[in-house]
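Peer 1: The structure is given below, and queries will be raised subsequently.
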Amino acid sequence: AIREALELVTWASSQDSESEEGDWTVPIVLFPQGAAALSPAADGITFMMLMNSTSPRFLIEEQVVGAPIIREAGVTPLPMGYLICAPGGRAGQVGQAKLIEPDDEERVRSYAMTAESYGFSMFYLEAGSGASHPVGQNLIRAAREACKLTLVVGGGIRDGPTARLASEAGADWIITGNLAEEFDDADELQRVLSDFITQMSS
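As structure tokens, then:
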């Protein structure tokens, strides 16, 4: 999957006009801010509830608007409980989230159990894009102990050792969006990602 993703990055950096979207082998999964960001060209979409939002918009209203669009487009929804942890960043502000504090394991357990009871397939703990520090191992362990869902962790993960700590605590998937966005050169990105994966797996 990493090799295929890097092939896509190579195309993006070269903008080869001979390359066709049909030749890509990487599944495209959207992580939308709301119903206005949907696309029928995607293979899947994280159909999520921002569980600790104080706004009905992110709890249910955007989902009600988006569901018919997703159904008509034939895009696969990936039901996901989404929980924003401190510091939260812009995501916490926009989502009007009541942030999970670093020592609030019990609250994480309760949300994880709730996500599983709702029938979600994934549970995402995020510290916010570009966060100063990642979600703590204690919170990841709390979620892992409380549910059997695919556990996703992101925000503030900038290197392999940090990703390894998240993985050791129970994360199934690691989100490193900002890391990939820092490089315009595909070869340099490939080197950095290779080092990242090696350090994470060591």
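Position 178, counted from 1, in the sequence shown is what the numbering used here calls 173; the numbers after and before it change by one each time, with no gaps. All residues carry an ideal CB built from backbone N, CA and C; glycine is no exception. Since we're looking at a predicted model, the values are computed, not measured.
#1: Buried or exposed: where does residue 129 fall if 16 or more other Cβ atoms within 10 Å of its Cβ makes it buried?
#2: Can you list, in chain order, the stretches of the beta strand (DSSP E) that have 3 or more residues and sit fully within the region 147 to 177?
#3: Using a Cβ-Cβ cut-off of 8 Å (strictly less than) and excluding sequence neighbours within five positions of residue 94, which residues of its own chain qualify?
#4: In whole angstroms, give me the CA-to-CA distance for residue 153 and residue 159.
#5: Note down, in chain order, each residue of its chain lying with its Cβ closer than 8 Å to the Cβ of residue 134, except the 5 sequence neighbours on either side.
#6: By alpha-carbon positions, which one of 44, 138, 34, 45 ends up nearest to residue 67?
#7: Residue 173 to residue 63, Cα distance in whole Å?
#8: Measuring alpha carbon to alpha carbon, tell me which residue in 50, 70, 51 is nearest residue 42.
#9: Determine contact between the region 159 to 169 and the region 178 to 189, defined as no fewer than three beta-carbon pairs at a distance below 8 Å.
Peer 2: On the basis of the data shown:
#1: Under this definition residue 129 is a buried residue.
#2: DSSP runs (the beta strand (DSSP E)) wholly in the region 147 to 177: 168 to 170.
#3: Excluding positions up to five away in sequence, the list reads 47, 79, 80, 81, 82, 83, 87.
#4: Taking the CA atoms as reference points, residue 153 sits about 11 Å from residue 159.
#5: Within its own chain, the residues whose Cβ lies closer than 8 Å to the Cβ of residue 134, once the five positions on either side in sequence are excluded, are 80, 95, 97, 99, 100, 103, 120, listed in chain order.
#6: When each option's Cα is compared against that of residue 67, the closest is 34.
#7: A straight-line Cα-Cα distance of about 31 Å links residue 173 and residue 63.
#8: Residue 42 has its Cα closest to that of 70, out of 50, 70, 51.
#9: The answer is no - the region 178 to 189 does not touch the region 159 to 169, with fewer than three Cβ pairs under 8 Å.
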